[in-house]
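Peer 1: My questions all concern the structure below.
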Amino acid sequence: MRQFTAVVNPTAGGATSAAALLGVARLLREAGAELETEYSHSLAHARELARRAGASGRVVLAVGGDGMAGGIGGALSGTGAVLGL
């Protein structure tokens with residue numbers, strides 16, 4: 001089963017993005033997947049977390065707003081890493 005890393009912007013959506021991850025986490029774990037959660041302190045930090053996870057072969061989940069998705073997508077561009085939104 002695949003390994004996932006969720007990179008979360010804890011302030012996105014009035015802090016609802018972290019809560020939205022709960023349902024996804026439950027489904028992934030029920031399917032036998034491993035999920036690691038990382039909370040970003042800034043967009044630069046989120047990019048670094050995503051690069052590190054992607055380089056380890058993990059599927060990177062961007063959890064936040066459009067800025068988070070775009071920033072992480074850009075950080076992973078050309079790396080072959082898999083990004084989930």
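For the sequence shown, position 26 matches number 26 in full-length UniProt numbering, and the numbering has no gaps at all. Beta carbons are placed, not taken as given, at the ideal position from N, Cα and C, and that holds for glycine.
1. In this structure, does DSSP put GLY13 in helix, strand or coil?
2. Hey, quick one: how far does the beta strand (DSSP E) through ALA53 stretch, first residue to last?
3. Which of helix, strand or coil does DSSP assign to VAL8?
4. Which residues does DSSP pair with VAL63 in a beta bridge?
5. What are the partner residues of GLU30, as DSSP defines its beta bridges?
Peer 2: The answer reads as follows:
1. Reduced to three states, the DSSP call for GLY13 is helix.
2. Segment 43 to 55 is the alpha helix (DSSP H) holding ALA53; no beta strand (DSSP E) there.
3. Residue state, collapsed to three classes: strand.
4. Paired residue(s): VAL8.
5. As DSSP reads the structure, GLU30 sits in no beta bridge.
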